[in-house]
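Protein chains in written order, with this note's numbering: chain A, 179 to 292; chain B, 301 to 413.
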């Protein structure tokens, strides 16, 4: 049973560029959430996708956008990259209709903006 | 708004010693509480969770946590620490309705011989 998988594992981009990160949820899960974890900090919620729509959003600018596909996989897009966007980006999956489902996390994508 | 406080940024314990990591939360109703562990360069692994019922919950790797409503706390404990327990530990809270997790800033655990 595959867990949450993310790609790529590492990425280096230049300020102003755009980046796309990918996530496949744990088998059977239908909800995907994205978190940003800056160095030395706890993860911060970016947004959550269910039924191919953004359902909830944290305090992140519109430069951060996403998408969910019919197979429940998801992408996180960040435009006009800033140095402060350097972080570990974590994807997590769960069941939408099971209120007590804990999140299952992937190993993350380490994004470095130079 | 919900918040989580982990007062200890870094803790060092000797192998075989007991461990307690502190977590306090701010939330009006009974929250759903979680502890996750993160090894360097890795994602988050769920150690244990509390939703309702018995306030002492058992998790994986010999960890346990106790929910104390009167103190708004959910401290993580382990009676005997192993060197492999060295990692970053995060406490997290959310309410019902599949709402987002709110994390603390984490406590880094170092284990010495």
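We put the CB at the ideal spot given by N, CA and C, even for glycine.
Close Cβ partners of residue i (< 7 Å) along its chain, the five nearest in sequence each way excluded
i             : result
residue 194/A : 258, 259
residue 241/A : 256, 257, 258
residue 356/B : 364, 366
residue 231/A : none
residue 338/B : 344, 387, 388, 390
Chain-order list of residues whose beta-carbon lies under 6 Å from that of residue i (same chain, five-residue window excluded)
i             : result
residue 211/A : 226, 270
residue 245/A : 253
residue 233/A : 226
residue 398/B : none
residue 238/A : 224
residue 200/A : 185, 253
Cβ-Cβ distance between residue i and residue j below 8 Å
i             : j             : result
residue 390/B : residue 220/A : yes
residue 320/B : residue 411/B : no
residue 258/B : residue 372/B : Only positions 301 to 413 of chain B appear in the structure, and residue 258/B is not among them; the question remains open.
residue 196/A : residue 265/A : no
residue 360/B : residue 347/B : yes
residue 287/A : residue 192/A : no
residue 218/A : residue 400/B : no
Cβ-Cβ separation, residue j to residue i (assumed contact under 8 Å), whole Å
i             : j             : result
residue 268/A : residue 189/A : 14 Å between Cβ atoms; not a contact.
residue 405/B : residue 302/B : Not confirmed; about 14 Å, so no contact.
residue 261/A : residue 272/A : No, residue 261/A and residue 272/A are not in contact; Cβ-Cβ is about 32 Å, not under 8 Å.
residue 183/A : residue 205/A : That pair is no contact at about 11 Å.
residue 393/B : residue 332/B : 7 Å
Three-way DSSP call (helix, strand, coil) for residue i in this model
i             : result
residue 261/A : helix
residue 282/A : strand
residue 410/B : strand
residue 270/A : strand
residue 392/B : strand
residue 199/A : strand
residue 251/A : coil
residue 235/A : strand
residue 191/A : strand
residue 245/A : strand
residue 205/A : coil
Residues near residue i by beta carbon distance below 8 Å, same chain, minus five either side
i             : result
residue 311/B : 319, 321, 407, 408, 409, 410
residue 383/B : 315, 411, 413
Where residue i meets chain E, residues with beta-carbon distance less than 7 Å
i             : result
residue 361/B : Here the protein chains are A and B, and chain E is not one of them.
Whole runs of the beta strand (DSSP E) within the stretch 301-384 of chain B, excluding any shorter than 3 residues: Every unbroken stretch of the beta strand (DSSP E) spanning 3 or more residues and falling wholly within the stretch 301-384 of chain B is given here in chain order: 303-305, 310-314, 319-321, 324-326, 332-338, 345-350, 356-358, 364-368, 373-378.
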